[in-house]
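All the letters of the sequence shown, read from the start, carry residue numbers 301 to 482 under the working numbering. Only one structure is covered here, and it is reproduced in the block below.
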Amino acid sequence: MGRDRVTSTTYYKRFRMEIDLAGAIAMPRLPGRFVWVPWQDSLIEQHAEVKYRSFAGEIDAAVFPALGDPFGCRRLMFEIRRKAGFLPEATWLIACAEGYVGTVQGVMDRGPIGAIQNVGVLPPYRGLGLGRALVDRALQGFRHAGLERAFLEVTAENTAAVKLYRDVGFRRCKTLYKAVAQ
Ligand SMILES: CC(C)(COP(=O)(O)OP(=O)(O)OC[C@H]1O[C@@H](n2cnc3c(N)ncnc32)[C@H](O)[C@@H]1OP(=O)(O)O)[C@@H](O)C(=O)NCCC(=O)NCCS
Numbered sequence: 301m302g303r304d305r306v307t308s309t310t311y312y313k314r315f316r317m318e319i320d321l322a323g324a325i326a327m328p329r330l331p332g333r334f335v336w337v338p339w340q341d342s343l344i345e346q347h348a349e350v351k352y353r354s355f356a357g358e359i360d361a362a363v364f365p366a367l368g369d370p371f372g373c374r375r376l377m378f379e380i381r382r383k384a385g386f387l388p389e390a391t392w393l394i395a396c397a398e399g400y401v402g403t404v405q406g407v408m409d410r411g412p413i414g415a416i417q418n419v420g421v422l423p424p425y426r427g428l429g430l431g432r433a434l435v436d437r438a439l440q441g442f443r444h445a446g447l448e449r450a451f452l453e454v455t456a457e458n459t460a461a462v463k464l465y466r467d468v469g470f471r472r473c474k475t476l477y478k479a480v481a482q
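Structure (structure tokens):
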């Protein structure tokens, strides 16, 4: 005899936010003990691990379950790397003596427009300006690639991220709903 599985759907409100990249973007500065690590193919696993450890248990891991799973993050990194518009200059790690602590990836989307993929900072290193620096560094990479606009999508209840993006200059241009079956 089969069993019925009762499923429910949660709708997460998400914002698409955009920014005009006209004008110079200042080189983001890191607190003294942190350094920038530019993209290399050999760092794909490190990006995946920092992504996983940043998103695990956070709201976006409920919206996108792959973000809350180490193998899901690895798969996402390989998908991002394979995209035709992958931009190494908008893809960065931040490191310190304890290891890698922050990640961001950028791609060129149809438009053309820069698309920030995932920004993540490990919990013990939050509130130090690293998230802001990662976003600014990705925007610089988009400018370097000749792009004039950039966008990202963010879950409305992720208030830290929404505030960060607003502070950088992103403005909300569309509200979307992401259905997640449970
Ligand atoms: C969002 C995230 C990247 C921010 O990283 P961070 O290094 O702590 O951010 P910063 O220290 O650079 O903070 C920059 C700004 O973000 C906002 N911010 C960061 N944390 C905040 C919090 N807990 N509450 C409110 N605002 C916050 C503030 O505007 C802050 O500027 P201020 O310090 O001048 O007030 C980090 O919390 C994270 O990795 N979260 C889990 C993954 C995630 O949700 N990523 C975003 C997906 S869209």
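Even for Gly, the Cβ is constructed at its ideal location relative to N, Cα and C. Keep in mind it's a predicted model, so treat the numbers as computed, not measured.
In the three-state scheme derived from DSSP, where H, G and I count as helix and E and B as strand, G368 is classed as helix. Under the three-state reduction of DSSP, P388 is assigned to strand. Under DSSP, K474 shares a beta bridge with R316. In this structure the segment 371-384 does not touch the segment 306-315; the number of beta carbon pairs closer than 8 Å is below three.
Sequence-distant partners of V404 (beyond 5 residues in either direction) whose C-beta falls short of 6 Å from its own C-beta, in its chain, are W392, V419, L434 and A438. Judged by DSSP in its simplified three-state form, A348 adopts helix. Put simply, of T307, D304, P331 and S308 the residue whose alpha carbon is nearest the alpha carbon of Y425 is P331.
Between C473 and M317, the CB-CB gap stays under 8 Å.
Contact annotation: T309 and A456 have beta-carbon atoms that are not nearer than 8 Å.
With the rule of 3 Cβ pairs closer than 8 Å, the segment 379-397 does not count as touching the segment 354-363. For Y400, there is no enclosing alpha helix (DSSP H); the residue is part of the beta strand (DSSP E) that begins and ends at G399 to D409. A direct Cα-Cα distance of roughly 33 Å separates V421 from T307. By the CB criterion at 8 Å, L321 and L447 fall inside the cutoff.
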